[in-house]
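What follows is one structure encoded as structure tokens, with my remarks underneath.
In UniProt numbering, the protein residues as written are 1 to 325.
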């Protein structure tokens, strides 16, 4: 009888271990390895709305490494200092189409997909890329700029550099200070150690660029800093009328392996908060989605660094934290 009970416990122990294939054991939780092959297998077996696969550079990351891909500190409650825009703030006669993508409406104004590398600076990438799009759109296509992420990560003291940043304070920084062009203050964290932020080298009152001493800096500012209500219609009208917005979302380990289709969380643990640039929307076989630009390089996924995520159900909280200016 004792032998039978021992055997049963061994079987149950084996089942409990194999039932959690997305990690391999390690003494420290920060060093738990997210097993890419297991995640891909589970996701593709469980559903057919999106396809998972191995993205080079994103395989078998530890939780600590993955956390630097998702460096946005999502709000835990509403700030009293934030301006809120809702559907009542837009003209009634500006109906939005069922399909929309700023890459087709303003093709000359869409900034390229960049890579944040080993730095949790997604909050800065999404913000300056949305602002860069908007500067171009407001100018009628005459001013096309790629703005500096290095500046925000190193100089915005309200955030924590490569350790993470805040969406609202980022837009307030862009409203009050602005951002210089990327060739004025070049990004240096692609090959640095995880989390290193460096010192700010930009003098607001100086007459030269840190990366080009012969060039004077020009600061491009946002016209405001506000959060959108989480209803789909408000977000759509903002994008349709003014251009890209920054959105925060909760990232899970299966998202690292997105290839194509309309993403929704299927499997895996939370990696952290992330920030992305929302550029449009559409529908595939009755599934509504947002079109999003990521900051993990153009080789991530099969859509050139873009992805689609379910729309209208606040998937991964994608509609809860939308900011612009």
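All C-beta atoms in this analysis are idealised placements derived from N, C-alpha and C, irrespective of residue type, glycine included.
For the pair residue 315 and residue 215, the Cα-to-Cα distance works out to about 44 Å. In the DSSP secondary-structure assignment, residue 40 is not bridged to any residue. C-alpha of residue 282 to C-alpha of residue 244: approximately 15 Å in a straight line.
Annotation: the continuous alpha helix (DSSP H) that includes residue 129 extends over 122-138. Below 8 Å, too few C-beta pairs join the stretch 33-53 and the stretch 232-240 to call them touching: fewer than three. Between the alpha carbons of residue 181 and residue 83 lies a gap of roughly 27 Å. Put simply, the backbone Cα of residue 199 is about 9 Å away from that of residue 153. Setting aside the 5 residues that flank it on each side, residue 128 is surrounded in the same chain by 147, 149 and 179, each with a C-beta closer than 6 Å to its C-beta; the list follows chain order. For residue 64, the uninterrupted alpha helix (DSSP H) run begins and ends at 63-67, by DSSP.
Across the set 67, 60 and 59, the C-alpha of 67 shows the shortest separation from the C-alpha of residue 270. Straight-line measurement puts the Cα of residue 168 at about 14 Å from the Cα of residue 223. CA-CA distance, residue 42 to residue 187, rounds to 36 Å. DSSP places residue 313 in the coil class of the three-state scheme, outside both helix and strand. Note that the C-beta distance between residue 34 and residue 74 is not below 8 Å. The Cβ atoms of residue 323 and residue 106 lie no closer than 8 Å to each other.
Of all alpha-carbon atoms in 303, 252, 119 and 262, the one lying nearest the alpha-carbon of residue 284 is that of 262. In the three-state reduction of the DSSP assignment, residue 72 falls in the strand class. DSSP lists no bridge partner for residue 208. Within the same chain, 190, 295, 296 and 297 come within 7 Å of residue 115 by CB-CB distance, once the 5 residues on both sides are set aside.
Sequence-distant Cβ neighbours of residue 307 in its own chain, meaning closer than 7 Å and more than five residues away, are 258, 263, 292, 294 and 301.
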